[in-house]
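Numbering (this note's numbering), first residue to last: 454 to 586.
Backbone N, C-alpha and C fix where the C-beta goes; we use that ideal spot for every residue, glycine too.
Structure record follows, encoded as structure tokens.
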């Protein structure tokens, strides 16, 4: 999910709606449109990008993406929610398979890492993974 935390979007104190659009485009080029969703994290950030002050501004973000000419309507529908619905459906299947197999959920706590606090990017390689099913 793409959050709107300024330092994740731009590595600076103030991002804009255009910066968020470019950030989403950059992510699409890295991993593909089928793996992108939007979750502004409005309850977890103290400053929003200019033009994305709350969820009522989502239409402007999607208009900005469409205006760029780099996106088609189906891709934007995926980003807006189709991808999330697909993933949730897959998660429900995994949940059901785990329940059938008698696998219990992990209760392992992932502590805050000093390597991730204050950085504008998360080093995914420093995060320990929970055993996969």
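Check                                                                                                                   : Outcome
Test: residue 545 CB closer than 8 Å to a CB of chain D                                                                 : Given the protein chain composition of this structure (a single chain), no chain D is represented.
Three-state secondary structure (DSSP) of residue 521                                                                   : coil
Beta-carbon separation (whole angstroms), residue 523 vs residue 478, contact threshold 8 Å                             : 6 Å
8 Å Cβ cutoff met for residue 486 and residue 549                                                                       : no
Residue 509 in three-state terms, based on DSSP                                                                         : helix
CA nearest to the CA of residue 598, picked from 490, 500, 475 and 503                                                  : For the chain, the structure presents residues 454 to 586; residue 598 sits outside this window and is missing.
Span of the alpha helix (DSSP H), counted from its first residue to its last, around residue 587                        : The structure shown does not extend to residue 587, since the chain spans only 454 to 586, so no value can be given for it.
Sub-8 Å separation of residue 482 and residue 468 beta-carbons                                                          : no
When 555, 466, 560 and 472 are compared against residue 513, the one with the closest alpha-carbon                      : 472
Residues sharing a beta bridge with residue 469, DSSP                                                                   : 503
Residue 561 versus residue 511 - alpha carbon distance                                                                  : 35 Å
Close-in-space but distant-in-sequence residues of the same chain around residue 498 (CB under 8 Å, 5 per side omitted) : 456, 457, 458 and 459
Beta-ladder partner(s) of residue 455, from DSSP                                                                        : 491
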